[in-house]
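Undergrad:
Number of protein chains: 2
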Amino acid sequence: MAAQPKDLSHHLSVESASRKQSPLKAVALSKSSRNIKIISLAGGLPNPEYFPIREMDAEIPAINSWKKDSSNSGKLDTVSVPMSSSDSDVLPLSVALQYGQGSGAALLSQFLKEHTRIIHNPPYEGWNIIMTTGNTSCLDIALRMLTNRGDSILVEKYSFPSALQSMRPLGLSCIPIDMDQFGFLPESMDDILTNWDATSYGSPKPHVLYTIPTGQNPTGSTLSVERRKQIYTLAQKHDIIILEDEPYYYLQMDAYEGKPEAADKAFTNEQFVKELIPSFLSMDVDGRVIRMDSLSKVVAPGSRVGWFTAQPLFIERGLRAAETATQSASGISQGILYAMFKHWGQDGYLEWLKHIRYSYTLRRNYLLYAMDTYLPKSVCSYIPPVAGMFIWFEVDKSRYIHADKNESIPEIESKIHAEAVEEGVNLACGNWFVVDPRVNDKIFFRVTFAHAELEEFNVAIERFAGVLKNNFKC
Amino acid sequence: MAAQPKDLSHHLSVESASRKQSPLKAVALSKSSRNIKIISLAGGLPNPEYFPIREMDAEIPAINSWKKDSSNSGKLDTVSVPMSSSDSDVLPLSVALQYGQGSGAALLSQFLKEHTRIIHNPPYEGWNIIMTTGNTSCLDIALRMLTNRGDSILVEKYSFPSALQSMRPLGLSCIPIDMDQFGFLPESMDDILTNWDATSYGSPKPHVLYTIPTGQNPTGSTLSVERRKQIYTLAQKHDIIILEDEPYYYLQMDAYEGKPEAADKAFTNEQFVKELIPSFLSMDVDGRVIRMDSLSKVVAPGSRVGWFTAQPLFIERGLRAAETATQSASGISQGILYAMFKHWGQDGYLEWLKHIRYSYTLRRNYLLYAMDTYLPKSVCSYIPPVAGMFIWFEVDKSRYIHADKNESIPEIESKIHAEAVEEGVNLACGNWFVVDPRVNDKIFFRVTFAHAELEEFNVAIERFAGVLKNNFKC
Numbered sequence: 012m013a014a015q016p017k018d019l020s021h022h023l024s025v026e027s028a029s030r031k032q033s034p035l036k037a038v039a040l041s042k043s044s045r046n047i048k049i050i051s052l053a054g055g056l057p058n059p060e061y062f063p064i065r066e067m068d069a070e071i072p073a074i075n076s077w078k079k080d081s082s083n084s085g086k087l088d089t090v091s092v093p094m095s096s097s098d099s100d101v102l103p104l105s106v107a108l109q110y111g112q113g114s115g116a117a118l119l120s121q122f123l124k125e126h127t128r129i130i131h132n133p134p135y136e137g138w139n140i141i142m143t144t145g146n147t148s149c150l151d152i153a154l155r156m157l158t159n160r161g162d163s164i165l166v167e168k169y170s171f172p173s174a175l176q177s178m179r180p181l182g183l184s185c186i187p188i189d190m191d192q193f194g195f196l197p198e199s200m201d202d203i204l205t206n207w208d209a210t211s212y213g214s215p216k217p218h219v220l221y222t223i224p225t226g227q228n229p230t231g232s233t234l235s236v237e238r239r240k241q242i243y244t245l246a247q248k249h250d251i252i253i254l255e256d257e258p259y260y261y262l263q264m265d266a267y268e269g270k271p272e273a274a275d276k277a278f279t280n281e282q283f284v285k286e287l288i289p290s291f292l293s294m295d296v297d298g299r300v301i302r303m304d305s306l307s308k309v310v311a312p313g314s315r316v317g318w319f320t321a322q323p324l325f326i327e328r329g330l331r332a333a334e335t336a337t338q339s340a341s342g343i344s345q346g347i348l349y350a351m352f353k354h355w356g357q358d359g360y361l362e363w364l365k366h367i368r369y370s371y372t373l374r375r376n377y378l379l380y381a382m383d384t385y386l387p388k389s390v391c392s393y394i395p396p397v398a399g400m401f402i403w404f405e406v407d408k409s410r411y412i413h414a415d416k417n418e419s420i421p422e423i424e425s426k427i428h429a430e431a432v433e434e435g436v437n438l439a440c441g442n443w444f445v446v447d448p449r450v451n452d453k454i455f456f457r458v459t460f461a462h463a464e465l466e467e468f469n470v471a472i473e474r475f476a477g478v479l480k481n482n483f484k485c
Numbered sequence: 012m013a014a015q016p017k018d019l020s021h022h023l024s025v026e027s028a029s030r031k032q033s034p035l036k037a038v039a040l041s042k043s044s045r046n047i048k049i050i051s052l053a054g055g056l057p058n059p060e061y062f063p064i065r066e067m068d069a070e071i072p073a074i075n076s077w078k079k080d081s082s083n084s085g086k087l088d089t090v091s092v093p094m095s096s097s098d099s100d101v102l103p104l105s106v107a108l109q110y111g112q113g114s115g116a117a118l119l120s121q122f123l124k125e126h127t128r129i130i131h132n133p134p135y136e137g138w139n140i141i142m143t144t145g146n147t148s149c150l151d152i153a154l155r156m157l158t159n160r161g162d163s164i165l166v167e168k169y170s171f172p173s174a175l176q177s178m179r180p181l182g183l184s185c186i187p188i189d190m191d192q193f194g195f196l197p198e199s200m201d202d203i204l205t206n207w208d209a210t211s212y213g214s215p216k217p218h219v220l221y222t223i224p225t226g227q228n229p230t231g232s233t234l235s236v237e238r239r240k241q242i243y244t245l246a247q248k249h250d251i252i253i254l255e256d257e258p259y260y261y262l263q264m265d266a267y268e269g270k271p272e273a274a275d276k277a278f279t280n281e282q283f284v285k286e287l288i289p290s291f292l293s294m295d296v297d298g299r300v301i302r303m304d305s306l307s308k309v310v311a312p313g314s315r316v317g318w319f320t321a322q323p324l325f326i327e328r329g330l331r332a333a334e335t336a337t338q339s340a341s342g343i344s345q346g347i348l349y350a351m352f353k354h355w356g357q358d359g360y361l362e363w364l365k366h367i368r369y370s371y372t373l374r375r376n377y378l379l380y381a382m383d384t385y386l387p388k389s390v391c392s393y394i395p396p397v398a399g400m401f402i403w404f405e406v407d408k409s410r411y412i413h414a415d416k417n418e419s420i421p422e423i424e425s426k427i428h429a430e431a432v433e434e435g436v437n438l439a440c441g442n443w444f445v446v447d448p449r450v451n452d453k454i455f456f457r458v459t460f461a462h463a464e465l466e467e468f469n470v471a472i473e474r475f476a477g478v479l480k481n482n483f484k485c
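Protein chains in written order, with my numbering: chain A, 12 to 485; chain B, 12 to 485.
1. At 3 residues or longer, and completely inside the stretch 183-213 of chain A: list those beta strand (DSSP E) runs for me, N to C.
2. Quick one: grab the DSSP three-state call for T144 (chain A).
3. Kindly confirm or deny that the stretch 371-389 of chain A and the stretch 466-476 of chain A touch, where touching means at least three C-beta pairs closer than 8 Å.
4. List in chain order: all unbroken alpha helix (DSSP H) runs of 4+ residues lying wholly within the stretch 66-137 of chain A.
5. Quick one: list the residues of chain A neighbouring Y181 (chain B), beta-carbon separation under 8 Å, in chain order.
6. Of the residues A:P103, A:E272, A:T335 and A:P217, which one's Cα is nearest the Cα of A246 (chain A)?
7. Do you know how far the Cα of S392 (chain B) is from the Cα of R374 (chain B)?
8. Does the stretch 328-346 of chain B come within contact of the stretch 276-286 of chain B, defined as at least 3 CB pairs closer than 8 Å?
9. Below 8 Å, can you find three or more Cβ-Cβ pairs linking the stretch 289-308 of chain B to the stretch 140-150 of chain A?
10. G273 (chain B) lies in the beta strand (DSSP E); which residues open and close that run?
11. Can you name the start and end residues of the beta strand (DSSP E) that S24 (chain B) belongs to?
12. So, do the stretch 170-185 of chain A and the stretch 128-137 of chain A have three or more beta carbon pairs nearer to each other than 8 Å?
13. Can you name, in chain order, every residue of its own chain whose Cβ lies under 6 Å from the Cβ of K124 (chain B), other than the five neighbours on each side?
14. Alpha carbon to alpha carbon, how far is A14 (chain B) from L108 (chain B)? Give it in angstroms, no decimals.
15. I need the straight-line Cα distance from T158 (chain A) to A431 (chain B), nearest angstrom please.
16. Classify Y393 (chain A) as helix, strand or coil using the three-state DSSP reduction.
17. If we count Cβ pairs, one from each stretch, closer than 8 Å, do we get three or more for the stretch 455-463 of chain A versus the stretch 56-68 of chain B?
18. How about E467 (chain A): is its C-beta nearer than 7 Å to some C-beta of chain B?
19. Residues of chain B with CB under 8 Å from P172 (chain A), in chain order?
20. Can you pull the chain A residues whose beta carbon is under 7 Å from the beta carbon of P63 (chain B), in chain order?
21. Would you please verify whether the beta carbon of H462 (chain A) is less than 7 Å from any beta carbon of chain B?
22. Does the distance from the C-beta atom of I74 (chain A) to that of G435 (chain B) stay below 7 Å?
23. Got a sec? Which residues, its chain only, sit under 7 Å from Y243 (chain A) by beta carbon, not counting five neighbours each side?
24. Considering just the uninterrupted stretch of the alpha helix (DSSP H) at I343 (chain A), what are its terminal residues?
25. Report the start-end ranges of each alpha helix (DSSP H) in the stretch 403-476 of chain A that is 4 residues or longer and not cut off at the edges.
26. Quick one: which chain A residues come within Cβ less than 9 Å of L118 (chain B)?
27. Between which two residues does the alpha helix (DSSP H) carrying I242 (chain A) extend?
28. Helix, strand or coil: which one does DSSP assign to E268 (chain A)?
29. When the Cα atoms are used, what is the spatial distance from P34 (chain A) to I252 (chain B)?
30. Whether or not the stretch 338-356 of chain B and the stretch 343-358 of chain A are in contact is what I'm after, with contact meaning three or more pairs of Cβ atoms, one per stretch, closer than 8 Å; do they touch?
31. Can you give the beta carbon distance from T486 (chain A) to Y267 (chain A), rounded, assuming they're within the 8 Å contact cut?
32. Taking one C-beta from the stretch 189-207 of chain B and one from the stretch 162-169 of chain B each time, how about it: are there three or more such pairs within less than 8 Å?
33. Strictly under 7 Å for the Cβ-Cβ distance: is L52 (chain B) near chain C by that measure?
34. Applying a beta-carbon distance threshold of less than 7 Å, which residues of chain B neighbour T372 (chain A)?
35. Helix, strand or coil: how does DSSP classify Q227 (chain A) here?
36. For G137 (chain B), I'd like the list of residues in its chain whose CB is within less than 6 Å of its CB, leaving aside the five on either flank, ordered along the chain.
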């Protein structure tokens, strides 16, 4: 039998610890002991007769319509969201368009919770999820729940700029953990925490780690199972809460084999789930992981529905925060998404995720092949990623032909970037992702295979190669 | 010619002043001086081919279908959101489902800005709007933009509990301004600010006022034009930023005439707009008003789309906050809403708002008539509201038959509430809305005419009258 999670309430921020429930939310559940329908004149909920959307429909791909050899190939199905329904497994507009609980509509929440159980099955009792208005909001809520102004937070040495922009205005110092090509180093994390000197850092020892373990942004690296276990053990040793930010989790891939093509692996849903790298959540016996899931990379960014999974303490405090920060995710989104998920079912959704996995594998292979073909090998180096949507590559600074100009790394990167844009290719500069600019001594660029058309990859990389050849001894 | 707004940057919080734009957002706009299409390998935007929603449709009421005497009476129209479109006035799914600007999709934003101009026409140059994930998020963003932990904020003596729950965990002291039946008192505001003693209050003089000017929650009161002008002048005198929270603005009504019916006034859109009480925004020559608008009461709470209107400084800082707090409103919501608004046009939307106005007037009249009929006049007193969805009424404490028990106001209200629920009617207790419990010496209840069916009003109020008669000398 699974154990109870640890009491980790000492991690709550002043803001979070002081949150209270609105009396109006609680009172909506009032019941009479008599057999009588309660007429509510309590909460200011508009009568659904004033909702001007009376039905919604969406065209979605039929299950396996994405497979060329399927009898459903190319087929679209229509799913409907009716105004009202007496079926308990329908989320009607009269509910979806109304004020809802901060945790999201029950039916969609149940679907996402069951999905989370299938994939991660957290090893303690009482875990739950809260739906949010997306991963961005998850992070804002989690940071405000756990940190006070003046705290420090552990992050990967290169990290997602918007996450850093969420942290710094809250008064947090971002402490970079060293990385190699396979993600961040447990030894570096242990070293920082073991030798923390609150006086010289000007803040108490960090108690929160923010990480993108799979297909990390920007480096594309994925932490191995062994590292994950070491890191979790370190989190226990140093009493750290792990914010596991996993938008790219389902974009896991087979190893790159040097070809601009990919096999559409005919594996079962069970095999697909089994091959996914174990998450921190799946090994979280203490309840010290807050996992943030997103639909942005696997359904659509515009859905603005994400969720976080955690132990009851963080769920309850997170719910109080969500109620006053965002109220709830869009009911229009939730209505359409639930209709789609219900139509597909858990298995149909896993089929879709396999399709996404295959599509990104193909895209990665195309982009890597273009890089292998066009980039000058004498100055560019990179590791083929096995997850995510990014390839991170170093450009050898020692071969820069204008070294006499004494430019900084950001200056060189900006100059190369401007020339690349002028030649018709946009990409991201390494310095945008550097947590501590004082220790930035290598030139990096990040390219993504998520967006451009496949036939554009060669053109884009050839253009960039030309820019490099003008600036580096190749 | 309208003037420039004042420089009010000294009002920004530490958090807000330190926000920076993500470099990735800026670089998406990179352009080449050559006549060349830029292939972007920069931002991690999924290719729209992976968005599983290929088209959305919604059934919405045809313009004036809500009028019994219209040729469109009862008619529904279908509006569609296609996957892609070359029309510049269509918001397609390929855009709506993608990552967007924090300010919202341009077309919907333009519609709401034009609507704001028609209604309020702010009297300075450069005002703008940002779409948010709803009014709740507007308030969270505004509070974090303007206040630091330890600050005080002016609020109405009775106020919206969720707003107070947004403020207090941020470390704000809520300073109640005295009210009468017509809203809060300018003299009380001036008195507090003129005599502010930072030492005894333990915080600097407030520089932010939070108010619900129209159909205030919970009191239903509406500030007169004269009071609004006085308050704006006081805001200038004491250098106050006004957070104008206006979810009930369009629920303005003619005076109650003692009848459970209402005339569906055949007035033009121009007359409708002209009769709306002037907002603080409409008199904001300095740019010191942040107006928060909501679709929750006039379209649907589940839309989770709101917007705030302010001068450029607050728009730019608010955008930086929205990007890291919520990213943007749901694109699925925005797609459906824009299709509806485009179909209706500005004039059609005003027709809809007149319908909402009429419907709420009818509901208010029904509920007031039920109250006039059933509530014991010797203990209950109330003022018919001219806006909003709430009626606030006092129950004379001096007639409480258990006065010897020495119960507090909240204890009496809770007891009455529990008995009411047991009898099958739910309503809200006055003490839930009290900002300073130390000065709570009157019994109040709040009822809403927004939700229940018209034929339930009599039953509900009769039940509550019975509870009062058991507890008060009537």
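Each residue gets a CB set at the ideal place from its N, CA and C atoms; glycine is no exception.
Computed from a prediction, not measured in an experiment: that's the story for all the values here.
TA: With the given structure in hand:
1. Those beta strand (DSSP E) runs which fall completely within the stretch 183-213 of chain A and span 3+ residues are 184-188.
2. Of the three classes helix, strand and coil, the one that applies to T144 (chain A) here is coil, per DSSP.
3. Taking one beta carbon from each stretch, the stretch 371-389 of chain A and the stretch 466-476 of chain A have 3 or more pairs nearer than 8 Å; the two touch.
4. Counting only runs of 4 or more residues that sit fully inside the stretch 66-137 of chain A, the alpha helix (DSSP H) segments are 104-107 and 117-130, in chain order.
5. The sequence given here has Leu at residue 181 (chain B), not Tyr. At a beta-carbon threshold of 8 Å, the residues of chain A lying near L181 (chain B) are E26, ordered along the chain.
6. Nearest C-alpha to A246 (chain A): A:P217.
7. Computed Cα separation, rounded: 19 Å.
8. Contact between the stretch 328-346 of chain B and the stretch 276-286 of chain B is absent, because fewer than three Cβ pairs lie under 8 Å.
9. Taking one beta carbon from each stretch, the stretch 289-308 of chain B and the stretch 140-150 of chain A have fewer than 3 pairs nearer than 8 Å; the two do not touch.
10. Looking at the sequence shown, residue 273 (chain B) is not Gly but Ala. For A273 (chain B), no beta strand (DSSP E) encloses it, and the DSSP letter there is neither H nor E.
11. Neither: S24 (chain B) is in no beta strand (DSSP E) and is coded neither H nor E.
12. With the cut-off at 8 Å, the stretch 170-185 of chain A and the stretch 128-137 of chain A do not touch.
13. For K124 (chain B), where only same-chain residues beyond five positions count, the Cβ hits under 6 Å are I140.
14. Spanning the two alpha carbons is a distance of roughly 38 Å.
15. Looking at the two C-alpha atoms, the distance is approximately 43 Å.
16. Correct three-state label for Y393 (chain A): strand.
17. Contact holds between the stretch 455-463 of chain A and the stretch 56-68 of chain B, because three or more Cβ pairs, one in each stretch, are under 8 Å apart.
18. Yes, E467 (chain A) lies at the interface with chain B (some Cβ there is under 7 Å from its Cβ).
19. Those are S33, P34 and L35, listed as they occur along chain B.
20. Correct list: I71, P72, V310, M351 and W363.
21. H462 (chain A) counts as touching chain B.
22. Cβ distance not < 7 Å, so I74 (chain A) and G435 (chain B) don't count as in contact.
23. For Y243 (chain A), the CB contacts under 7 Å within the same chain, skipping 5 residues up- and downstream, are F291 and M294 in chain order.
24. G342 to Y385 is the span of the alpha helix (DSSP H), which, as asked, contains I343 (chain A).
25. Listed in chain order, they are 420-434.
26. Among the residues of chain A, none has a CB under 9 Å from the CB of L118 (chain B); the nearest is roughly 14 Å distant.
27. V236 to H249 is the span of the alpha helix (DSSP H), which, as asked, contains I242 (chain A).
28. Coil, per DSSP.
29. Roughly 28 Å separates the two Cα atoms.
30. As far as the Cβ criterion goes, the stretch 343-358 of chain A touches the stretch 338-356 of chain B, which means the pair count is three or higher.
31. Past the edges of chain A, shown from 12 to 485, lies residue 486 (chain A), and the structure says nothing about it.
32. Yes, they touch.
33. Absence of chain C from the displayed structure is noted, the protein chains being A and B.
34. Identification of chain B residues near T372 (chain A) by a Cβ-Cβ cut-off of 7 Å yields none; the smallest Cβ-Cβ distance measures about 13 Å.
35. Q227 (chain A): coil per DSSP, three-state reduction.
36. Correct list, in chain order: P323.
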